[in-house]
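Position 93, counted from 1, in the sequence shown is what our numbering calls 77; the numbers after and before it change by one each time, with no gaps. Everything on this sheet refers to the single structure shown next.
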Amino acid sequence: MGATCIYVLSNRTGADACARHALTALRAAFDRLVVVTPDAAGKATAAAFTPDTVVIEPRAAEAYLYGLRSGLLAEVAGQCPPHDPILVTGDHMLAPIGSLSSHFAQLDQDSVGLFAPYCQLTDDHVRQDTG
-15 MGATCIYVLS NRTGADACAR HALTALRAAF DRLVVVTPDA AGKATAAAFT
35 PDTVVIEPRA AEAYLYGLRS GLLAEVAGQC PPHDPILVTG DHMLAPIGSL
85 SSHFAQLDQD SVGLFAPYCQ LTDDHVRQDT G
């Protein structure tokens, strides 16, 4: 299935282990990988994952949605149209933690054009130290 992933790398210190894991898995699973980062240092970090496009958006360091907006606008304005569906995520998420194939099958079955997984921890989902 053709698909595009827009990943917002807002971490100012470069990709941490979770972001590296996510970018590696997403690069392998998606036809197009677009990375949005706030600066040239982030662009250099992103290069290790061979993105198709890198967008520099300084406000991505402030908020994920700034980066997401810039990534979507860059894809729409690009020379080739984005592959459908588009998954949007970033270093604000701890993902992927499993196989992406089941998600793709569901997206394809539902004819979804934009998929933005998000998990927000509440007081009912407090992380506990088990070590």
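Backbone N, C-alpha and C define an ideal beta-carbon position, used for all residues, glycine too.
Bridge partner(s) assigned by DSSP for residue i
i, result
"Cys(-11)", "Leu17, Leu71"
Span separating the alpha-carbon of residue i from that of residue j
i, j, result
"Ala45", "Thr37", "18 Å"
"Ala24", "Ile40", "7 Å"
"Phe14", "Asn(-5)", "22 Å"
"Gly115", "Glu59", "Unreliable positioning characterises Gly115 in this predicted model, as indicated by a pLDDT of 44, which lies under 50. A coordinate reading is not provided."
"Asp75", "Thr8", "13 Å"
"Asp0", "Gly26", "12 Å"
"Asp68", "Gly62", "14 Å"
"Pro22", "Ala47", "10 Å"
"Gln90", "Gly(-14)", "14 Å"
Distance between beta carbons of residue j and residue i, contact taken as under 8 Å
i, j, result
"Val160", "Leu(-7)", "Since the first residue shown for the chain is -15 and the last is 115, residue 160 is missing from the structure and cannot be characterised."
"Cys(-11)", "Leu71", "5 Å"
beta-carbon residue i near the ligand GDP non-hydrogen atom, thresh 7 Å
i, result
"Val19", "In terms of ligand content, the structure shown is empty, and the ligand GDP therefore cannot be addressed."
- Between the stretch 22 to 39 and the stretch -13 to 6, do three or more beta carbon pairs fall short of 8 Å? yes
- Query: Going along the chain, which unbroken runs of the beta strand (DSSP E) with 3 or more residues stay wholly within the stretch 6 to 68?
  - Reply: 16 to 21, 37 to 40
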